[in-house]
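**Student:** Following this message is one structure expressed as structure tokens.
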Amino acid sequence: MATPSPHAALRRWSTPPALTASIGLHAVAAGTAVLVPEAVWWALGGIALNHVGLTAAGLMPRSHVLGPNCTRLPAAAAARRQYALTLDDGPDPDVTPRVLDLLDQHGVRATFFCIAARAQAHPALLRNIVTRGHDVQNHSHAHRHTFSLLGPGALSREIQRAQQVLTDLCGRGPHCFRAPAGLRNPFLDPVLHRLGLHLVSWTRRGFDTVTADATRVLQRLTRGMAAGDIVLLHDGHARRNANGAPVVLDVLPRLLAHAAALGLTATTLRDAVPPRDSGRTA
Ligand SMILES: [Zn+2]
441 MATPSPHAAL
451 RRWSTPPALT
461 ASIGLHAVAA
471 GTAVLVPEAV
481 WWALGGIALN
491 HVGLTAAGLM
501 PRSHVLGPNC
511 TRLPAAAAAR
521 RQYALTLDDG
531 PDPDVTPRVL
541 DLLDQHGVRA
551 TFFCIAARAQ
561 AHPALLRNIV
571 TRGHDVQNHS
581 HAHRHTFSLL
591 GPGALSREIQ
601 RAQQVLTDLC
611 GRGPHCFRAP
621 AGLRNPFLDP
631 VLHRLGLHLV
641 SWTRRGFDTV
651 TADATRVLQR
661 LTRGMAAGDI
671 VLLHDGHARR
681 NANGAPVVLD
691 VLPRLLAHAA
701 ALGLTATTLR
711 DAVPPRDSGR
721 TA
């Protein structure tokens, strides 16, 4: 069998079934409008409902409707009784160094979904994350609140820019992407496929950017915690308690102790999640 050319196109993006159905619905609606003009309002109503459904799917961070979405570690990692601790929105010059110290004390490696613009502002801190054995992945360049409203071109530029910055600073490229607030639209998956990035959300999250009660955050993370979980906390945008202390610093030691008591060990997404099968040959 011939060796594929290193310049061969990426393996074709396969349309998620929900989008295939949506495209079919649009074709049927267009045909109906032409052939049965009196039914045009039913056709338009069907399309409107379809768009409501797709929008709702984009507002559900753990949904698989708009394309592949890693909400748990692969089965092999779960079989090894591993879980992944992920920390979003950093690096933060105040919180991240203290998070790193806590992780060192517990011998735990984590995955940091960094905002590339923040990484650019604190390059030494980003390199410190990597030097201490942790994983850095792509959480967009600017963490725009309008991210899920962007079209394919703007999505691509935002993610690629972050990819370039993080690769330059870390010396290796992310292979996972997490959308700001987990919100997305149907244009995202083809962009991620082209860039060879997995969409990664989470199994459970603590809402630690909004909840100041560390015990409440901990309960959300540990209720039903099991092998294969991807848990989400924040070293950036960290909510502070009444004393001004970032909640994550209170939650983290208790979370790590709970995981250890369950016989779980932490892994990183780089170690647990293989590269996205995008058909890259070079
Ligand atoms: Zn975020």
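Residue 722 is where the sequence shown ends in our numbering, and the numbering goes up by one at each step. Note that the Cβ used here is the ideal one computed from N, Cα and C, for glycine as well.
Residues in its own chain within less than 7 Å of Leu459 by CB, not counting five upstream and five downstream?
**Tutor:** In the sequence shown, residue 459 corresponds to position 19, counting from 1. Hits under 7 Å: Pro626.
**Student:** Return the Cβ separation of Ala667 and Ala518 in integer angstroms, given the expectation that the two are a contact with Cβ distance under 8 Å.
**Tutor:** As a first step, residue 667 is located in the sequence shown; it is residue number 227 there, counting from the start. As a first step, residue 518 is located in the sequence shown; it is residue number 78 there, counting from the start. Contact flag correct, Cβ pair sits at about 4 Å.
**Student:** Assign Thr708 to buried or exposed, taking buried as 16 or more other Cβ atoms, counted over all protein chains shown, within 10 Å of its Cβ.
**Tutor:** Along the sequence shown, read from residue 1 onward, the residue named residue 708 stands at position 268. Label assigned to Thr708: buried.
**Student:** Going by beta-carbon coordinates alone, are Thr526 and Leu672 separated by less than 8 Å?
**Tutor:** Numbered from its first residue, the sequence shown carries residue 526 at position 86. Numbered from its first residue, the sequence shown carries residue 672 at position 232. Contact: yes.
**Student:** Going along the chain, which unbroken runs of the alpha helix (DSSP H) with 4 or more residues stay wholly within the stretch 521-599?
**Tutor:** DSSP runs (the alpha helix (DSSP H)) wholly in the stretch 521-599: 535-546, 556-561 and 563-571.
**Student:** Please identify the residue among Ile555, Asp541 and Arg612 whose C-alpha is closest to the C-alpha of Arg439.
**Tutor:** Lying before the first or after the last residue shown, residue 439 is absent from the chain, which here runs from 441 to 722.
**Student:** State the start and end residues of the unbroken beta strand (DSSP E) segment that holds Ala458.
**Tutor:** If you number the sequence shown from 1, residue 458 lands on position 18. Per DSSP, Ala458 belongs to no beta strand (DSSP E); it is in the alpha helix (DSSP H), Pro457 to Leu475.
**Student:** Expressed to the nearest angstrom, what Euclidean distance is found between the alpha-carbon atoms of Asp544 and Ser596?
**Tutor:** Mapped onto the sequence shown, residue 544 falls at position 104. Mapped onto the sequence shown, residue 596 falls at position 156. Answer to the nearest angstrom: the Cα atoms are 35 Å apart.
**Student:** So for Pro686, helix, strand or coil by DSSP?
**Tutor:** As a first step, residue 686 is located in the sequence shown; it is residue number 246 there, counting from the start. In the structure shown, Pro686 sits in a strand (DSSP, three-state: E or B).
**Student:** Between which two residues does the beta strand (DSSP E) harbouring Leu673 extend?
**Tutor:** Counting from one through the sequence shown, the residue named residue 673 turns up at place 233. Here the beta strand (DSSP E) through Leu673 covers Ile670 to His674.
**Student:** Report the CB separation of Leu566 from Leu628 in whole angstroms; it is logged as a contact under 8 Å.
**Tutor:** Within the sequence shown, numbered from 1, the residue matching residue 566 stands at position 126. Within the sequence shown, numbered from 1, the residue matching residue 628 stands at position 188. The Cβ separation is near 24 Å, so there is no contact.
**Student:** Expressed to the nearest angstrom, what Euclidean distance is found between the alpha-carbon atoms of His674 and Leu542?
**Tutor:** As a first step, residue 674 must be located in the sequence shown, where it is residue number 234. As a first step, residue 542 must be located in the sequence shown, where it is residue number 102. When rounded, the distance between both Cα atoms is 14 Å.
**Student:** Which first and last residues belong to the beta strand (DSSP E) in which Ala706 is found?
**Tutor:** Locating residue 706 in the sequence shown gives position 266, counting from the first residue. Ala706 -> beta strand (DSSP E) spans Thr705 to Thr707.
**Student:** Measuring alpha carbon to alpha carbon, tell me which of Asp717, Thr455, Gly646 and His579 ends up nearest Gln604.
**Tutor:** Counting from 1 along the sequence shown, the entry for residue 604 is found at position 164. The option with the nearest alpha carbon to Gln604 is His579.
**Student:** Of all the options Val688, Leu499, Arg502 and Gly471, which has the alpha carbon lying nearest to the alpha carbon of Ile487?
**Tutor:** Translated into the one-based positions of the sequence shown, residue 487 becomes position 47. When only C-alpha atoms are compared, the closest one is Gly471.
**Student:** Is the beta carbon of Thr551 less than 8 Å from the beta carbon of Asp575?
**Tutor:** Here residue 551 refers to the residue found at position 111 when the sequence shown is read from its first residue. Here residue 575 refers to the residue found at position 135 when the sequence shown is read from its first residue. Yes.
**Student:** Using 8 Å as the threshold, is the C-beta distance between Arg584 and Ala556 below it?
**Tutor:** Reading the sequence shown from its first residue, position 144 is the one you call residue 584. Reading the sequence shown from its first residue, position 116 is the one you call residue 556. Cβ atoms of Arg584 and Ala556: not closer than 8 Å.
**Student:** Count the other C-beta atoms from every protein chain shown that fall within 10 angstroms of the C-beta of Val539, then say buried if there are 16 or more, exposed otherwise.
**Tutor:** Translated into the one-based positions of the sequence shown, residue 539 becomes position 99. Its Cβ being crowded by 16 or more others within 10 Å, Val539 is buried.
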